[in-house]
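Taken in sequence, the protein lines are chains A and B. Quick note: the first sequence, position 179, residue 304 per this note's numbering, numbers continuous. Quick note: the second sequence, position 22, residue 332 per this note's numbering, numbers continuous. Beta carbons: idealized from backbone N, C-alpha and C, even for Gly. First the structure, in the form of structure tokens, and then the observations on it.
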Amino acid sequence: MSVEEIPLDADRKKHSYEFARHAPEYRHQFEAITQEMQARCPVAWSDTYGGHWVAAGASEVFDLARSAEYLSNDHDIEGVRRGYKGISIPSQDHDMQIQGGFLEMDPPGQREYRQVLNPYLSPAAVARWTPVVDELVRACLDEKIETGRIDFVDHLANVVPAVLTLAMLGIPLKSWIVYCEPTHAAVYTPPDSPDMERVREIQVEMGEDLFVQMAQIREHPRPGMVDALVRAKIGGKTPPDMELFGVLLLLIGGGFDTTTSLTAHALEWLSEHPGQRERLSRERDTLLDPATEEFLRFYTPAPGDGRTITQDCEIAGTRFKEGERIWLSWAMANRDPSLFENPNEIDLARTGNRHYSFGLGLHRCIGSNVARMVFKRMLTAVLDRMPDFECDPAGAVHYETIGVIQGMQHLPATFTPGPRLGAGLDETIEMLQRLCDEQRLAEPVTVRKAKAEIAGQRPAAGV
Amino acid sequence: MKVHVDPERCQGHTLCNMIAPKMFELNEIDGHSSPVSEEVPADQEDKVAEAVRSCPEQAISLS
């Protein structure tokens with residue numbers, strides 16, 4: 126290529142925007158920033174975080190996310206391929222870098238991992254767990270139902286996804302506390318926080334337990350996704366332990382914090398809109414599905430992903446160069462008026478809601494079916510048993526920044542007390558552990574088709 | 311009216327099955343969608359049209 130043919134950087138990057146999504150201001154001015162970028166520069170160059178592109182427009186994000194031949198997710202920890210930095214922008218400068226599972230891989234390895242895990246996470250596979258989720262939700266609500274007070278994050282939305290994820294992995298359910306706090310705290314604790322040392326300590330504790338589980342399950346097979354992973358052949362070989370560790374961290378991180386965030390935000394909004402809450406409860410047969418998609422669109426718990434450009438190319442009207450980094454903003458695309466009428470309003474009955482909250486293309490969130498099911502069961506149980514709940518705005522704690530996850534740390538609420546229906550959480554978790562063991566619930570759907578059976582469980586209303 | 315799901319584009323978002331369960335079935339193992347029948351009965355046309363509009367990957371087409 127002659128010099129004349131190389132587009133000048135100033136020309137390529139003429140649409141620029143100072144994009145700082147890790148700053149608290151980004152959260153506070155999200156709608157205004159989104160509108161401005163979509164109107165002026167739906168794909169913009171930003172000098173922040175070492176310099177990177179930002180895609181904010183719905184059609185641009187769509188085209189880019191689906192251009193797998195030009196975009197890479199690879200996180201080349203050891204510098205043996207092209208040195209790409211994975212999906213975090215800026216890249217994390219931890220002492221010990223860990224590849225973020227198959228979300229930081231390209232095909233064919235990425236596809237092979239998903240083929241190993243799909244039979245545990247498909248809609249048919251996930252539906253088998255519904256009775257277990259209902260029992261967990263019941264126990265969480267029973268712990269608080271007589272008091273008239275609950276923190277929807279601490280006492281419900283943190284607990285259920287964590288216990289279920291461990292059950293699906295094949296890790297003892299009672300270990301959920303070892304996994305829950307470090308996974309959430311890792312996201313909401315700023316790197317310079319005085320609390321970071323404690324967070325690192327509990328992260329190490331969790332990591333050690335995970336390695337113990339891998340070793341035990343390798344020695345003594347036990348159904349679940351850990352078993353599938355330690356026995357998997359990727360590219361014909363058993364992957365190194367650190368690579369499997371990254372995959373497990375991806376499943377845990379993806380399984381815990383996102384569903385928690387979605388549930389908390391939805392409950393907070395419904396508390397602020399009691400008429401809509403009553404309508405959703407009354408018309409749940411037709412409204413629960415579209416309302417779930419609408420909460421997903423509006424709150425976009427995982428707001429975006431980074432990619433690396435793999436060869437010089439032009440996509441969506443912008444010329445990119447190999448090695449450049451780009452942020453695909455699912456959250457901003459979800460507010461694009463060219464795709465969504467009144468994008469900054471929540472319409473529980475919205476139609477044509479092709480939101481980007483689970484990503485697009487071959488990296489579509491592998492846990493999307495789990496997220497939807499767990500969210501719906503938690504939400505409907507709250508609507509049934511605490512129909513007049515009122516969240517306390519003074520006690521609600523949102524994540525200070527939404528660069529990684531748009532989440533909530535606390536959401537206290539009050540409600541008219543009601544009667545308990547059964548055993549408390551610890552006893553229920555023990556019972557569910559026996560059930561997992563006896564019925565081998567964590568087998569893939571190719572081995573076990575039937576739903577979990579819980580003696581004496583009343584059939585849940587709706588859904 | 312005929313409906314087609316492009317298996318190369320479908321990524322298993324499952325919205326079509328949520329909207330028109332009689333018209334789209336999901337693979338048991340990966341959740342990817344396929345039409346139950348190519349022909350769309352008259353009473354399913356609205357739902358299938360809504361599924362087309364709602365597919366995040368734009369994988370469903372009508373002819």
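C-beta contact flag for residue i and residue j at 8 Å
i: residue 78 of chain A; j: residue 342 of chain A; result: Given that chain A is displayed from residue 126 to residue 588, the structure contains no residue 78 of chain A and the question cannot be resolved.
i: residue 430 of chain A; j: residue 212 of chain A; result: yes
i: residue 367 of chain B; j: residue 323 of chain B; result: yes
i: residue 503 of chain A; j: residue 386 of chain A; result: no
i: residue 366 of chain A; j: residue 331 of chain A; result: no
i: residue 577 of chain A; j: residue 558 of chain A; result: no
i: residue 244 of chain A; j: residue 339 of chain B; result: yes
i: residue 415 of chain A; j: residue 473 of chain A; result: yes
i: residue 536 of chain A; j: residue 519 of chain A; result: no
i: residue 510 of chain A; j: residue 270 of chain A; result: yes
i: residue 443 of chain A; j: residue 378 of chain A; result: no
i: residue 348 of chain A; j: residue 567 of chain A; result: yes
i: residue 627 of chain A; j: residue 507 of chain A; result: The question about residue 627 of chain A has no answer here: the residues shown for chain A are numbered 126 through 588.
i: residue 496 of chain A; j: residue 425 of chain A; result: no
i: residue 530 of chain A; j: residue 382 of chain A; result: yes
i: residue 189 of chain A; j: residue 427 of chain A; result: no
i: residue 343 of chain B; j: residue 334 of chain B; result: yes
i: residue 200 of chain A; j: residue 229 of chain A; result: yes
i: residue 149 of chain A; j: residue 525 of chain A; result: yes
i: residue 482 of chain A; j: residue 455 of chain A; result: yes
i: residue 248 of chain A; j: residue 487 of chain A; result: no
Residue i burial status per 10 Å Cβ neighbour count (16 or more: buried)
i: residue 351 of chain B; result: exposed
i: residue 467 of chain A; result: exposed
i: residue 580 of chain A; result: exposed
i: residue 329 of chain A; result: exposed
i: residue 372 of chain B; result: exposed
i: residue 311 of chain B; result: exposed
i: residue 327 of chain B; result: buried
i: residue 589 of chain A; result: For residue 589 of chain A there is no data in the structure shown, the boundaries of chain A being 126 and 588.
i: residue 332 of chain B; result: exposed
i: residue 446 of chain A; result: exposed
i: residue 572 of chain A; result: exposed
i: residue 258 of chain A; result: buried
i: residue 392 of chain A; result: buried
i: residue 587 of chain A; result: Since pLDDT at residue 587 of chain A reaches only 42, below the 50 mark, its modelled position is unreliable, and no value is offered.
i: residue 316 of chain A; result: exposed
i: residue 494 of chain A; result: buried
i: residue 388 of chain A; result: buried
i: residue 225 of chain A; result: buried
For residue i, the three-state DSSP class (helix, strand or coil)
i: residue 334 of chain A; result: helix
i: residue 451 of chain A; result: strand
i: residue 466 of chain A; result: coil
i: residue 548 of chain A; result: coil
i: residue 309 of chain A; result: helix
i: residue 538 of chain A; result: strand
i: residue 358 of chain A; result: coil
i: residue 417 of chain A; result: helix
i: residue 582 of chain A; result: coil
i: residue 210 of chain A; result: strand
i: residue 554 of chain A; result: helix
i: residue 383 of chain A; result: helix
i: residue 443 of chain A; result: strand
i: residue 372 of chain B; result: strand
i: residue 574 of chain A; result: coil
i: residue 228 of chain A; result: helix
i: residue 429 of chain A; result: strand
i: residue 274 of chain A; result: strand
i: residue 471 of chain A; result: coil
i: residue 296 of chain A; result: coil
i: residue 302 of chain A; result: helix
i: residue 434 of chain A; result: strand
i: residue 200 of chain A; result: strand
### Query
Any residues in the stretch 340-368 of chain B with a beta carbon nearer than 8 Å to a beta carbon of chain A? Which ones, in chain order?
So the close ones are 340, 341, 360, 363, 364, 365, 366, 367 and 368.
### Query
When Cβ atoms are compared, which residues of the stretch 471-484 of chain A fall closer than 8 Å to chain B?
Residues 476, 477, 478, 479, 480, 481 and 483.
### Proximal residues, the stretch 315-341 of chain B versus chain A, C-beta separation under 9 Å
For the stretch 315-341 of chain B, residues whose beta-carbon sits nearer than 9 Å to a beta-carbon of chain A comprise 319, 321, 322, 323, 324, 325, 327, 328, 329, 336, 337, 338, 339, 340 and 341.
### Message
Closer than 8 Å between beta carbons: that is the criterion. Which residues of the stretch 404-435 of chain A meet it against chain B?
### Response
Taking 8 Å as the Cβ-Cβ cut-off against chain B, the residues of the stretch 404-435 of chain A that qualify are 414 and 418.
### Message
My parser needs the alpha helix (DSSP H) runs of 4 or more residues fully inside the stretch 139-198 of chain A; what are they?
### Response
Unbroken alpha helix (DSSP H) stretches of 4 residues or longer found wholly inside the stretch 139-198 of chain A: 149-153, 155-165 and 183-190, given in chain order.
### Message
Please give me, in chain order, every unbroken run of the alpha helix (DSSP H) with length at least 4 that falls completely inside the stretch 491-531 of chain A.
### Response
Within the stretch 491-531 of chain A, the complete alpha helix (DSSP H) runs of at least 4 residues are 493-510.
### Message
So if I threshold CB-CB distances at 9 Å, which residues from the stretch 552-571 of chain A count as touching chain B?
### Response
Of all residues in the stretch 552-571 of chain A, those with a C-beta nearer than 9 Å to a C-beta of chain B are 569, 570 and 571, reading in chain order.
### Task
Just list the beta strand (DSSP E) runs in the stretch 311-354 of chain B, keeping only unbroken ones of 3 residues or longer that don't cross its boundaries, in chain order.
For the stretch 311-354 of chain B, whole beta strand (DSSP E) runs of length 3 or above, ordered along the chain, are 313-315, 334-336 and 343-345.
### Query
Which of the residues in the stretch 219-252 of chain A, read from start to end, lie with their CB under 7 Å from any CB of chain B?
Within the stretch 219-252 of chain A, contact with chain B at the beta-carbon level (separation under 7 Å) is assigned to 243, 244, 247, 248 and 249.
### Task
Note down, in chain order, all residues in the stretch 492-505 of chain A with a beta-carbon under 9 Å from any beta-carbon belonging to chain B.
The stretch 492-505 of chain A vs chain B, Cβ under 9 Å: 493, 494 and 497.
### Task
Could you run through the stretch 262-295 of chain A and flag, in chain order, every residue whose CB is less than 9 Å away from some CB of chain B?
Taking 9 Å as the Cβ-Cβ cut-off, the stretch 262-295 of chain A has no residue approaching chain B.
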